[in-house]
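What follows is a set of notes on a single structure, which appears directly below.
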Amino acid sequence: MLRRRLNRLCGGDEKRVDSRTIYAGHRPCLGTEAFIPTKFCDNRIVSSKYTVWNFLPKNLFEQFRRIANFYFLIIFLVQVIVDTPTSPVTSGLPLFFVITVTAIKQGYEDWLRHKADYEVNKYPVIVLEDGRSVKKESEKIKVGDVVEVVEDETFPCDLILLQSSREDGTCFVTTASLDGESNHKTHYTVPDTERELQALTATIECEQPQPDLYKFVGRMHIYKPEQEPAVRSLGPENLLLKGATLKNTKKIYGVAVYTGMETKMALNYQGKSQKRSAVEKSINAFLLVYLSILISKAVVCTTLKYVWQSREGQDEPWYNQKTQKEKDTNVYVKMFTDFLSFMVLFNFIIPVSMYVTVEMQKFLGSFFITWDKDFFDPEIQEGALVNTSDLNEELGQVEYVFTDKTGTLTQNNMEFIECCIDGFQYRHRDERSELDGFTVTDGPVNKLHQNAGLEKEELFLRALCLCHTVQVKESGPEETPFDQVDGVVGVLPQLEEERGFIASSPDEVALVKGAMRYGFTFLGLESKCMKIRNRQSDVEEYELLHVLNFDPVRRRMSVIVRTKSGETLLFCKGADSSIFPRVKPEEVDGIRLHVERNATEGYRTLCVAYKQLSAEEYAAADTGLQAARLALQDREEKLMAMYNQVETGMSLIGATAVEDRLQEEAAETMEALQGAGMKIWVLTGDKMETAKSTCYACRLFQRGTELLELTVRTLEDGRTKREDRLIELLRDYHRKAVQDAAPVKAGVTRSWSTANQEYGFIIDGATLSLLMNPPRDADASLYSNLFLQICQNCAAVLCCRMAPLQKAQIVKMVKNSKGSPITLSIGDGANDVSMILEAHVGIGIKGKEGRQAVRNSDYAIPKLKHLKKLLLAHGHLYYVRIAHLVQYFFYKNLCFILPQFLYQFFCGYSQQPLYDAAYLTMYNICFTSMPILAFSLLEQHIAIEILLDNAALYREIAKNAMLRWRPFLYWTVLGLFQGLLFFFGVRFLFSNPALQDNGQVFGNWSFGTIVFTVLVFTVTLKLALDTRHWTWINHFVIWGSLAFYVFFSFFWGGIIWPFLKQQRLYFVFANMLSSVSAWLVIIILILLSLLPEILLAVLHKPRGPHSRQKKPGQSSLGVVPSSLSSARPLLMRTFSDESNTVI
1 MLRRRLNRLC
11 GGDEKRVDSR
21 TIYAGHRPCL
31 GTEAFIPTKF
41 CDNRIVSSKY
51 TVWNFLPKNL
61 FEQFRRIANF
71 YFLIIFLVQV
81 IVDTPTSPVT
91 SGLPLFFVIT
101 VTAIKQGYED
111 WLRHKADYEV
121 NKYPVIVLED
131 GRSVKKESEK
141 IKVGDVVEVV
151 EDETFPCDLI
161 LLQSSREDGT
171 CFVTTASLDG
181 ESNHKTHYTV
191 PDTERELQAL
201 TATIECEQPQ
211 PDLYKFVGRM
221 HIYKPEQEPA
231 VRSLGPENLL
241 LKGATLKNTK
251 KIYGVAVYTG
261 METKMALNYQ
271 GKSQKRSAVE
281 KSINAFLLVY
291 LSILISKAVV
301 CTTLKYVWQS
311 REGQDEPWYN
321 QKTQKEKDTN
331 VYVKMFTDFL
341 SFMVLFNFII
351 PVSMYVTVEM
361 QKFLGSFFIT
371 WDKDFFDPEI
381 QEGALVNTSD
391 LNEELGQVEY
401 VFTDKTGTLT
411 QNNMEFIECC
421 IDGFQYRHRD
431 ERSELDGFTV
441 TDGPVNKLHQ
451 NAGLEKEELF
461 LRALCLCHTV
471 QVKESGPEET
481 PFDQVDGVVG
491 VLPQLEEERG
501 FIASSPDEVA
511 LVKGAMRYGF
521 TFLGLESKCM
531 KIRNRQSDVE
541 EYELLHVLNF
551 DPVRRRMSVI
561 VRTKSGETLL
571 FCKGADSSIF
581 PRVKPEEVDG
591 IRLHVERNAT
601 EGYRTLCVAY
611 KQLSAEEYAA
621 ADTGLQAARL
631 ALQDREEKLM
641 AMYNQVETGM
651 SLIGATAVED
661 RLQEEAAETM
671 EALQGAGMKI
681 WVLTGDKMET
691 AKSTCYACRL
701 FQRGTELLEL
711 TVRTLEDGRT
721 KREDRLIELL
731 RDYHRKAVQD
741 AAPVKAGVTR
751 SWSTANQEYG
761 FIIDGATLSL
771 LMNPPRDADA
781 SLYSNLFLQI
791 CQNCAAVLCC
801 RMAPLQKAQI
811 VKMVKNSKGS
821 PITLSIGDGA
831 NDVSMILEAH
841 VGIGIKGKEG
851 RQAVRNSDYA
861 IPKLKHLKKL
871 LLAHGHLYYV
881 RIAHLVQYFF
891 YKNLCFILPQ
901 FLYQFFCGYS
911 QQPLYDAAYL
921 TMYNICFTSM
931 PILAFSLLEQ
941 HIAIEILLDN
951 AALYREIAKN
961 AMLRWRPFLY
971 WTVLGLFQGL
981 LFFFGVRFLF
991 SNPALQDNGQ
1001 VFGNWSFGTI
1011 VFTVLVFTVT
1021 LKLALDTRHW
1031 TWINHFVIWG
1041 SLAFYVFFSF
1051 FWGGIIWPFL
1061 KQQRLYFVFA
1071 NMLSSVSAWL
1081 VIIILILLSL
1091 LPEILLAVLH
1101 KPRGPHSRQK
1111 KPGQSSLGVV
1121 PSSLSSARPL
1131 LMRTFSDESN
1141 TVI
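Okay, structure coming up:
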């Protein structure tokens, strides 16, 4: 909304066109008659939500959009307008408290945003004006200004790089604040720009602002006197993003293209779509029930009032004559007014303060995750991160886990294992020995093999050294010179192998280091010249002509280079599925065997091919690539078409195998999650054989698991069409896994059902596309329903060759399936962001593929193994705590209002309140709020160690078990029982009202005060009975709340307050406690109310792991030894367990 307003103010006309034109340095083009600069946004950043003027109305509007707040506002207005039995203060004060606390919290957060904006907007920058360097504030930069940035400064807006202090026209930046990637990225100046920037006359045409950090399309027209304008293409490599930092470059100059709220960084401010937890849905359902109870009570009392008044003498008794105004009032208006009065009297059954308590519980509870020392990873010196505290309890309700493979199940720490050249396998060994390989031709690559020629070997190693985007870190004076390396020996000295490389993917570094081991060393890229050192220690130079970048659709990348002798070569590497169709068929068979075997062993495989381009072929390719790069419309599609055109008719040289080891405790984690009743789906872009072996290693697939495969290979049947074969296989698998399978109890895992045949399901991206987009005449829902039913009956599902969008489609399909199961997605890379955002809960892993996944996740953890504790311990406890909090709030408010309702039957339905206004106001705010908040933060009904050891405990709270209608009914019946007992127990006491020593009788306020005293003590002690994990905080708030109530009652009734018109409780509480009968009835009623709970606790035998019993090795004081207690959150460890047994 803010962006739209800014666009209207600053440049509303530009939205009507697809591109913008920028004049560098605000200089008009040569020969231009009139120069009218286009108005763009200024460089102010506005991340704040409010201003001083709109904070109050805007914040109030947002808060009253919440149903409960709006309801209490209506009740408050009714109390102000209509003559109601209770003061407007009774509902106005709690509402004011809730609104004020929320407003302060939101105002403080917005003040911090204002403060950050001020620092950014007032940051000093240097702008070139008429050849002079002028210092300005960052917010005054305009589109077209030429800005100077020095090393280690952040870019104040999005700039096109015009000039760099580096001789090769490049600069290095880090984008850690944008996407978390700390590696240095190389950016390039626009070719043919003037060295003297004040003489530069140029216009830039580029796309309108859009949030994608990795896309930019534009072109630059450079004007020179008496020459045709030179046109140069602009891409992401020329764009320096606001928020990125200049590194290893003394100074750069750039022209501003996007400023302020139109920068890519600002466009990424927009938050993720709000995720709502299942608990919130349950709260809304329960609120509707209690709202119905409230309306029913008001209707009953209003009806009975007029029935009672219809009797003779009851409508206008002699002691209460009606005024003339009352006699003239319309009866229906009076009935409606009475109905509203009863609504006001009973409105406290709706717990408005519950929302504040829930918000505080979620916010404060999230710190337990960040403080947990078990989540700290010493390698990256970071712990867990909570981006969204609204979903804490959802961690205890997960039914489906969707996980990436590379970097999530595996470490993304690549090591070059072996290669295959011309059909012969070569495995690197530190010792020169014969190999126990799979083929008789195995041997070290530096031994000339009789069948794989030296020329092919060197061509393959050159391809590994040239086909990549790796950068070499700049050498320091202490580094070992290259001429000390013996290029002939197969194993390089350790110093050389530990050279620093910068790359976007760990695979590329592994391949370059693999080539280094065998004598071919990549020395770096300087001014479009790639240098490598061969086995003879000679430096070879190649001119880099084009890089055909990797993308997940093509699944390959290529470079076009020119040798010193003038030959033009294309080297290409990529997945076998994308390389094999583009090479000569006769070259495939020999290498395919090695690729499939390596994939079966769990290695990541890449195929390497090359092509020699003739002068005509290169000229055509160069022209086509240049034209595509200059296109402003559909640039990516045109580039893709050119890439596909160039990468054809290649010759296959060989393949590589790189090992990506499993994450620490990956198998144990997956096993625990399955034991907790979760379905595990692995969604990966990797090939099937590699992913399958990873699933076996993670114990997702077992030896006896029958794999149901739905891939392109199984669909290839010469007799039938793919679509027909797909539905045939789906029905066959459905019959096998669903219809013929023995019924399995919900949540039962393999350890409980070993007698049944286990199934695993495998599907690839191409088949999924067919399944999601069936033929027009086919029933789309039939395909997806069969697919989902099969998958639900499988132990694990593997989806390989998945594009990022397909990952999100699968998550969405399961999320929207029958029963709306709670889904969790976990990944570490940018390709996992879509599924992380789609799932109910998104987990990012702080891995090696940048921090995009972490930035877009709800929770971030350093390692996969931490997921076990996050779900089985934290998730379990969060859910139990908040479920108890919600049920308890409704219960204690029902206990509170039911006596008030019953009292109307004994006061002629006169709307006489039972409780004093102070008690009505402070019941939820002060007397009963803190104990439940402490309980919902600190309770551990089962010890964390036991929760981790017994994953099956997680299944007991699955499917929102504690917030279903059955437990809700139990709490409601308990509230009804205790409310009835409070009222009629005290009424029985009042059957003889002369309860004081002097024979005086107790009045109606004493009656209400006794009921209220029993109420406060009962609901608080009920919570004490439910507490299993006692800390000093629990003791303080429980006993402190009761002490505060007694103190407040003495204080409130013991002083004459000048601002009160009538003081109903003056010395009522003190007089009440002077009666032995009152003491007796209070104690007896509290005991009778809690008796069912006490009997349940005594008679109910704790079952094995469900109790907080002492484990072997636990001290007699009930404190777990340090080795066990270290598994508990940091805050927990500061408290001592005063009781570890079930009450």
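FYI, in the working numbering the residues of the sequence shown are 1 to 1143. Every residue gets a Cβ at the ideal spot worked out from N, C-alpha and C, and that includes glycine.
{"Query": "Inspect the CB distances between the region 1041-1052 and the region 920-930 and report whether three or more fall short of 8 Å.", "Result": "yes"}
{"Query": "Taking the straight line between their C-alpha atoms, what separation do you get for residue 18 and residue 207?", "Result": "6 Å"}
{"Query": "Determine the DSSP secondary structure at residue 152, reduced to helix, strand or coil.", "Result": "coil"}
{"Query": "So, for residue 1213: in the same chain, excluding its five sequence neighbours on each side, which residues have a beta-carbon less than 8 Å away from its beta-carbon?", "Result": "As shown, the chain starts at 1 and ends at 1143. That puts residue 1213 outside it, with no answer to give."}
{"Query": "Where DSSP assigns a beta bridge to residue 796, which residues make up the other side?", "Result": "680 and 760"}
{"Query": "Report the three-state DSSP secondary structure of residue 532 (helix, strand or coil).", "Result": "strand"}
{"Query": "Which whole runs of the beta strand (DSSP E) in the region 650-722 are 3 residues long or more, in chain order?", "Result": "651-662, 679-683 and 706-710"}
{"Query": "Hey, how far is the Cα of residue 39 from the Cα of residue 20?", "Result": "11 Å"}
{"Query": "The alpha helix (DSSP H) spanning residue 545 covers which residue range?", "Result": "No alpha helix (DSSP H) holds residue 545; the beta strand (DSSP E) holding it covers 539-551."}
{"Query": "Return helix, strand or coil for residue 163, following the three-state DSSP convention.", "Result": "strand"}
{"Query": "Alpha carbon to alpha carbon, what distance is there between residue 841 and residue 740?", "Result": "34 Å"}
{"Query": "Going by alpha carbons, who is nearest to residue 368 out of 385, 234 and 808?", "Result": "385"}
{"Query": "I'd like the list of long-range same chain contacts for residue 669, defined as Cβ closer than 7 Å, with 5 residues on each side in sequence excluded.", "Result": "864, 865, 867 and 868"}
{"Query": "Here's the rule I'm using: 16 or more other beta-carbon atoms within 10 Å means buried, otherwise exposed. How should residue 54 be labelled?", "Result": "exposed"}
{"Query": "Among the residues of its own chain, which have a CB less than 6 Å from the CB of residue 963, if the five just before and after it don't count?", "Result": "282 and 883"}
{"Query": "Do residue 1022 and residue 1093 have their CB atoms nearer than 8 Å?", "Result": "yes"}
{"Query": "So, is residue 794 buried or exposed, given that buried needs 16 or more other C-beta atoms within 10 angstroms?", "Result": "buried"}
{"Query": "Considering only residues of the same chain and omitting the five flanking positions on each side of residue 528, which have a CB-CB separation below 7 Å?", "Result": "543 and 544"}
{"Query": "Does the Cβ-Cβ distance between residue 305 and residue 901 come in under 8 Å?", "Result": "no"}
{"Query": "Measure how close the beta-carbons of residue 970 and residue 872 come, nearest whole angstrom, since I'm counting them as under 8 Å.", "Result": "About 26 Å; that fails the 8 Å criterion."}
{"Query": "Could you check the C-alpha separation between residue 130 and residue 198 for me, to the nearest Å?", "Result": "6 Å"}
{"Query": "Got a sec? Which residues, its chain only, sit under 8 Å from residue 936 by beta carbon, not counting five neighbours each side?", "Result": "357, 361, 365, 881, 882, 884 and 885"}
{"Query": "If you follow the beta strand (DSSP E) that residue 249 is part of, which residue opens it and which one closes it?", "Result": "Counting along the chain, residue 249 falls outside any beta strand (DSSP E), and DSSP gives it neither H nor E."}
{"Query": "So, residue 410 versus residue 694, is the Cβ gap smaller than 8 Å?", "Result": "yes"}
{"Query": "Please report the straight-line C-alpha distance between residue 513 and residue 523, rounded to a whole angstrom.", "Result": "12 Å"}
{"Query": "When the Cα of residue 221 is compared with those of 235, 673, 209 and 201, which residue comes out closest?", "Result": "201"}
{"Query": "Determine the DSSP secondary structure at residue 141, reduced to helix, strand or coil.", "Result": "coil"}
{"Query": "Need the endpoints of the alpha helix (DSSP H) that residue 201 sits in, please.", "Result": "No alpha helix (DSSP H) contains residue 201, which is instead part of the beta strand (DSSP E) from 201-207."}
{"Query": "Does residue 392 pass the burial test, meaning 16 or more other C-beta atoms within 10 Å, or should it be called exposed?", "Result": "buried"}
{"Query": "Which residues mark the beginning and the end of the alpha helix (DSSP H) in which residue 616 is found?", "Result": "615-630"}
{"Query": "Could you name the residues that DSSP lists as bridge partners for residue 640?", "Result": "BP columns for residue 640 are empty, so no partner."}
{"Query": "Contact check, residue 125 vs residue 141 under 8 Å by CB: the rounded distance?", "Result": "6 Å"}
{"Query": "Looking at the secondary structure, which residues open and close the alpha helix (DSSP H) in which residue 303 lies?", "Result": "278-309"}
{"Query": "Using the Cβ count rule (16 or more neighbours within 10 Å means buried), how would you classify residue 116?", "Result": "exposed"}
{"Query": "Using a 10 Å radius around the Cβ and a threshold of 16 neighbouring Cβ atoms, would you call residue 893 buried or exposed?", "Result": "buried"}
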